[in-house]
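**Q** Residue numbers (this note's numbering), protein chains in the order written: chain A, 9 to 565; chain B, 3 to 399. Where is the CB? At the ideal position from N, CA and C, for every residue including glycine. All of these numbers come straight from a predicted model, not from anything done at the bench. Got a structure for you, questions after.
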Amino acid sequence: MTRALPALLAFGVVAVPVAAGLLGTLLPAFGVLPAIGADGPSLDPWRRLFAEPGLPRATLLSLATGLGATVLSLLLVALFCAAAHGTRGVARAQALAAPILATPHAALAIGVLFLIAPSGLLLRLVSPWATGLDAPPDVATVNDAWGLALLLGLVVKETPYLLLMTLAALNQIPATRLVAVATSLGQPKPVAWLKVVFPLLYRQIRLPVLAVLAYSVGTVDVALILGPTTPPTLAPLLLRWATSPDLSLLLPASAGALLLLGVALTAIGAWLAAERAVAPLGRAWAASGLGTGAGALRAGATLLPFLLLLACAALVALVLWSVAGPWRFPDALPDRVQADTWTSQAAALATPAANSLSAALLATGLALALAVAALEARARHGAAALPWLLALTPLPLLLPQASFLLGLQTALLTLGLEGGLPAVVLVHLVFVLPYVLLSLSGPYAALDPRLPRVAACLGASPLRVFLAVKLPVLARPLLAVAAVGIAVSIAQYLATLLAGGGRFATLTTEAVTLAAGGDRRVLGVFAVAQAAIPLLAFGAALLLPALLWRDRAALRA
Amino acid sequence: MTALPRRALAALALAPLAARAQDLPWSETLRRARGQTVAWHAWAGDERTNAFIAWVAEQAAARFGITLRHVRLRDTAEAVQRVLAEISAGRRAGGAVDLVWINGPNFLSLKQAGLLRRFAERLPNFALVDTVGKPATVTDFTIPVEGYAAPWRMARLVFIADGRRVPQPPRDMAALLAWSQRNRGRFTHPGVRNFLGATFLKQALYELAPDRTVLSRPAGAAFDATVAPLWAWYDALRPNLWRQGRAFPETGPAMRNLLNDGELDIMLSFNPAEATVSVAAGLLPATVRTFVPAIGSIGNASFVAIPVNASAPDAAEVVADLLLSPEAQARAEDPRHLGAPTVLDLARLAPADRARFAAWPRGPEALPPDALGPALPEPHPSWMTRLTEAWERRVAA
């Protein structure tokens with residue numbers, strides 16, 4: 009039992025809130041919420057839900073933007089990796105993608121807003137000299153009714169993630185040898201990569217792909233910033249009810265959360281069905297020996313670098329607005345650059361920044377401790393440490409957040425826990441721990457087993473082996489994983505809003521609030537501050553080991 | 003309307019407690035307040051207001067030893083929901099909301115549920131409020147306030163146009179429709195879930211309703227007949243709005259960005275000094291001009307209220323009183339800071355305090371107070387609620 013304790017703890021920290029949240033969603037969806045006098049069971053919440061004008065459209069929009077963003081992101085990554093295999097382009101794309109991965113969804117979405125809005129930077133750059141426009145056109149390039157801007161915002165954020173996951177997975181596949189064999193059989197390189205590497209690779213990145221799908225279907229913050237408004241997608245619509253003064257709306261909101269869960273599961277089911285349908289086609293194509301299409305693949309491969317540059321431009325737009333003086337359309341640059349917005353917002357930034365940091369550090373610290381304990385137990389005790397439990401912890405990443413966070417809010421409230429740092433940290437852990445576990449288990453498994461064995465032979469206790477041998481060797485991945493944890497925590501919008509009861513202000517909740525309108529310079533300041541924390545964390549994770557272990561260059565896990 | 007949580011009614015049992023606090027001398031309230039932290043839940047969509055709240059926080063700390071924290075809301079309903087949820091979960095004290103910027107349906111919903119403290123009349127500075135000349139300070143959307151909230155700023159619906167593009171602004175709803183048909187896509191209003199969007203519809207309703215006296219009573223069976231001309235007008239207007247009336251800016255400040263970018267020619271504001279304030283802040287071009295409809299425009303007062311389960315009710319009262327102090331009111335009215343008209347009766351102030359309200363340097367952008375025309379009272383809150391629902395059905399369908 010004690011051997012399994014770390015795994016049980018890690019699993020419980022994720023599973024208990026999710027289970028409580030799902031239950032807290034399920035009961036009110038059928039009219040049972042005694043706290044507001046609803047004794048159910050009843051189908052009224054569903055009747056109210058389906059009476060909502062625009063619900064069919066909201067549901068379809070969620071499904072379409074979620075599936076669309078996933079297909080496009082995966083397609084862009086596959087095309088690029090196929091064409092760029094073995095070139096320096098891969099390393100360049102990796103270097104560009106890393107900071108974008110670290111940037112929270114909200115900040116990046118705000119940057120995209122600053123770029124592509126009718127009055128955005130892209131149009132300013134070509135106006136009026138090329139377009140003849142001295143006022144922005146009346147065209148909905150953001151918040152459009154079709155969700156295209158939302159789709160772009162999701163693709164810009166998820167493509168770098170899938171790219172980095174793909175590049176990491178490629179390390180475990182003899183891709184270069186496979187491509188060499190296939191090209192020797194007469195296949196052009198990009199075609200060869202798609203035929204022989206992609207099928208192996210896809211198996212490895214399936215979980216991240218499905219996580220992207222579930223996230224995209226249920227996104228709230230990106231949808232609030234870039235998505236359609238009348239009606240919005242499903243998740244923001246539910247949030248509107250869940251934060252309404254009319255508490256009885258919690259019931260249809262819960263029913264809607266279940267509907268959202270159904271939409272996400274439908275999307276995942278459709279995806280898995282499509283896998284089955286595509287696999288034999290792919291096999292037939294691979295076996296056919298047809299080598300055409302390389303030109304089209306190479307053309308398609310240019311999309312990903314273009315997208316990465318767009319994301320970087322979005323970050324530049326954030327910084328520009330944060331230091332802009334008066335800046336009217338169609339000026340491509342502000343009248344003057346000033347620090348006024350930063351100084352005037354310094355006081356307003358202080359509390360949210362402190363809240364963001366404390367939640368991120370606590371959640372990441374706890375997640376690291378739990379993950380290291382569980383992985384250490386697995387290394388020492390093998391099957392007795394219940395490693396299969398650890399494999400289950402990422403499953404909540406396949407659920408849309410609102411499906412269990414809405415119910416969790418009610419549960420936390422009943423326990424008198426919501427509205428403070430502890431509740432926020434607990435709920436952040438649900439998202440931080442799976443990523444920390446996933447990112448740390450590789451380096452832990454790759455640890456040279458001879459090192460602890462030698463130490464043990466020299467008489468060191470298991471604790472000493474852990475402290476004196478394993479931790480120093482693992483310092484580099486531990487720091488990198490800590491940065492991942494911080495980035496995941498900082499990015500949480502819905503989790504912070506609901507667990508914090510709306511009064512735990514972080515840079516993320518403030519930035520999304522400000523994105524509703526208002527002074528773009530202030531919005532720029534909050535978005536830059538929000539993005540700065542994870543970027544600094546990743547920077548520190550890169551620099552610290554080099555500083556700490558200057559004299560031990562060979563020390564690597 | 004809001005469903006009354008059954009257990010919320012139990013909170014009425016707290017009423018005697020609140021009454022006892024009324025009997026305390028003010029000096030005792032000040033003593034208790036020292037060292038407390040007040041969470042002021044306030045809509046945070048406007049930077050000028052946020053800056054003003056930050057200034058109030060400095061004053062509260064320096065003068066009364068109170069830590070004032072601005073909890074920034076996207077929608078005031080979030081705070082109302084918080085209080086209702088806490089009471090439903092049995093939390094009768096130690097609540098998250100100490101002070102909330104509130105009016106209209108949100109105020110009615112908390113007042114009806116018996117979830118507000120009665121405190122305004124005992125604030126020393128409340129005696130300075132112009133309850134006669136500015137009846138909106140004691141009647142919010144036709145609902146008697148009865149001390150369950152304290153006013154802190156006056157608001158008036160105004161229109162702001164780019165004077166270069168709109169030399170002759172349309173001063174009634176028929177003219178606005180004709181102007182929009184000639185200038186397609188150059189006007190809109192915030193989405194009606196936003197209070198300013200709802201106010202625009204109410205303003206139009208004042209002009210278009212066959213009988214406007216019904217607006218002061220709850221919207222009952224008369225609703226459909228009263229709003230029919232409004233929808234006929236709106237259906238003609240909507241295709242001519244920005245984005246063909248298929249999308250709407252979320253807030254007033256979002257409209258301001260659009261006017262500044264040149265996407266719109268006319269915007270709405272609840273602050274008669276908005277133009278002056280925003281030109282000075284570089285948020286609007288200097289060519290903007292303010293105008294109001296010929297029949298007058300909707301005016302109301304902004305209030306702060308204290309929920310029965312507030313954690314720091316004493317300090318919240320002190321902050322509410324600070325908001326009513328001549329110094330804070332003068333700062334709020336100063337167009338260099340906020341530009342929100344005062345709720346005080348200047349005749350009741352000491353000469354030194356009255357001097358704080360000296361004629362502000364008002365640019366040509368804004369209207370002087372005497373040119374604002376009559377203030378139309380807010381309709382009963384149920385009109386806002388039902389208009390919002392009906393609008394959503396028309397637009398989202």
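#1: Return yes when the Cβ of GLU335 (chain B) is within less than 8 Å of the Cβ of PHE143 (chain B), no when it is not.
#2: Roughly how many angstroms separate the alpha carbons of ALA17 (chain B) and VAL310 (chain B), rounded to a whole number?
#3: Ordered along the chain, which non-local residues of its own chain (more than five positions away) have a Cβ less than 7 Å from that of ALA157 (chain A)?
#4: Please compile the residues from chain A whose C-beta is within a distance smaller than 7 Å of the C-beta of THR69 (chain B).
#5: Which residues does DSSP list as the beta-bridge partners of PRO309 (chain B)?
#6: With distance defined between alpha-carbon atoms, name the residue in B:ALA81, B:LEU340, B:PRO146, B:TRP362 nearest to VAL58 (chain B).
#7: Flag THR149 (chain A) as yes if its beta-carbon sits less than 8 Å from any beta-carbon of chain B, otherwise no.
#8: What residues match up with ALA152 (chain B) in a beta bridge as DSSP calls it?
#9: Among A:TYR501, A:ALA356, A:ALA319, whose alpha-carbon lies nearest the alpha-carbon of VAL433 (chain A)?
#10: Whole alpha helix (DSSP H) runs in the region 212-281 of chain B with 4 or more residues, listed along the chain?
#11: In angstroms, rounded to a whole number, what distance separates the CA positions of SER447 (chain A) and HIS389 (chain A)?
#12: What are the boundary residues of the alpha helix (DSSP H) that ALA115 (chain A) is part of?
#13: With H, G and I counted as helix, E and B as strand and the rest as coil, what does DSSP make of THR344 (chain B)?
#14: Between which residues of its own chain and THR201 (chain B) is the CB-CB distance below 6 Å, once the five residues before and five after are set aside?
#15: Can you check DSSP and say which residues form a bridge with SER299 (chain B)?
#16: Looking at chain A, which residues of the region 237-251 of chain B have a Cβ within less than 9 Å of any of its Cβ atoms?
#17: What span of residues does the beta strand (DSSP E) with VAL40 (chain B) cover, start to end?
#18: Kindly indicate which three-state DSSP category ASP355 (chain B) falls into: helix, strand or coil?
#19: Any idea what DSSP makes of ALA68 (chain B), helix, strand or coil?
#20: Helix, strand or coil for THR141 (chain B), going by three-state DSSP, please let me know.
#21: Buried or exposed: PRO240 (chain A), going by 16 or more other Cβ atoms within 10 Å of its Cβ?
#22: What are the residues that DSSP puts in a beta bridge with ALA163 (chain B)?
#23: On the three-pair Cβ rule with 8 Å, is the region 298-310 of chain A touching the region 193-206 of chain A?
#24: Interface residues of chain E around VAL294 (chain B) at Cβ under 8 Å?
#25: Do the CB positions of ALA379 (chain A) and LEU445 (chain A) come within less than 8 Å of each other?
#26: DSSP on VAL164 (chain A), reduced to helix/strand/coil?
#27: Quick check on ALA10 (chain B): does DSSP put it in helix, strand or coil?
#28: With DSSP as the reference, identify every bridge partner of GLY97 (chain B), one or two as the case may be.
#29: Look up VAL79 (chain A) in the DSSP assignment and say whether it is helix, strand or coil.
#30: Give, in chain order, every residue of the region 317-349 of chain A whose Cβ lies closer than 7 Å to some Cβ of chain B.
#31: Taking a Cβ distance cut-off of 7 Å, strictly less, list which residues of the region 352-382 of chain B are near chain A, in chain order.
#32: Just by C-beta distance, which residues in the region 389-415 of chain A are closer than 9 Å to chain B?
#33: Does the beta carbon of ARG94 (chain B) sit closer than 8 Å to a beta carbon anywhere in chain A?
#34: Would a check of beta-carbon distances place GLN183 (chain B) closer than 8 Å to chain A?
#35: Note down, in chain order, each residue of its chain lying with its Cβ closer than 8 Å to the Cβ of HIS382 (chain B), except the 5 sequence neighbours on either side.
#36: Hey, out of A:ALA231, A:THR167, A:VAL187, A:THR521, whose CA is closest to VAL220 (chain A)'s CA?
**A** Straight from the coordinates:
#1: no
#2: For ALA17 (chain B), the predicted model reports a pLDDT of 43, less than 50, meaning its position is unreliable; a value from the coordinates is still stated below. Roughly 8 Å separates the two Cα atoms.
#3: ILE124, THR149, VAL150, ASN151, LEU234
#4: Per Cβ cutoff of 7 Å: no residues; THR69 (chain B) is ~11 Å from chain A at best.
#5: B:LEU118
#6: B:LEU340
#7: no
#8: B:VAL306
#9: A:TYR501
#10: 225-239, 254-263
#11: 21 Å
#12: 113-124
#13: coil
#14: LEU159, ILE300
#15: B:ALA377
#16: TRP244, ARG245, GLN246, ARG248, ALA249, PHE250, PRO251
#17: 39-45
#18: helix
#19: Looking at the sequence itself, residue 68 (chain B) is Ile, so the reference to Ala does not match. DSSP places ILE68 (chain B) in coil when its eight states are reduced to three.
#20: strand
#21: buried
#22: B:ILE268, B:ARG291
#23: yes
#24: Included in the structure are the protein chains A and B, with no chain E among them.
#25: yes
#26: helix
#27: Here the model assigns ALA10 (chain B) a pLDDT of 43, short of 50, so the residue's position is not dependable and the matter cannot be decided.
#28: B:ALA312
#29: helix
#30: GLY333, PRO334, ARG336, PHE337
#31: none
#32: none
#33: no
#34: no
#35: PHE143, THR144, ILE145, LEU217, SER218, ARG219, PRO220, ALA221
#36: A:THR167
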